[in-house]
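Residue numbers (our numbering): 69 to 182.
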């Protein structure tokens with residue numbers, strides 16, 4: 069059941085995301101860093117950002133406080149690594165793929181009733 073909610077929330081978020089916003093920041097902000105500019109300019113990266121933030125937000129609501137704190141710490145570290153990619157599309161793509169794999173693995177490990 070939760071996987072259906074995850075999928076539905078993702079579809080809703082993608083549908084609501086405009087071209088001037090990635091999921092986690094305003095693409096029209098004057099202080100965008102190189103990684104953020106590239107994410108805004110490359111649709112596949114923008115979509116990956118939407119998926120990553122949606123997954124992160126849903127997991128935040130499902131995890132216990134300790135696990136949620138750990139996931140938030142990991143997200144902060146991941147953001148530093150993403151920023152280090154600068155405008156390199158291949159690096160950013162790889163970064164999102166790796167982060168989404170970690171988040172999806174975290175979801176799979178959540179204990180749920182049958």
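For each residue, glycine too, the CB sits at the ideal point set by N, CA and C.
Residue i, DSSP secondary structure in three states
i	result
residue 94	strand
Nearest candidate by alpha-carbon position, reference residue i, set the options
i	options	result
residue 158	125, 113, 175 and 179	113
Residue i classed as buried or exposed, judged by whether at least 16 other C-beta atoms fall within 10 angstroms
i	result
residue 145	exposed
residue 162	exposed
residue 117	buried
residue 178	exposed
Sequence-distant residues of the same chain with beta carbon closer than 7 Å to residue i, five excluded per side
i	result
residue 174	127 and 139
residue 99	none
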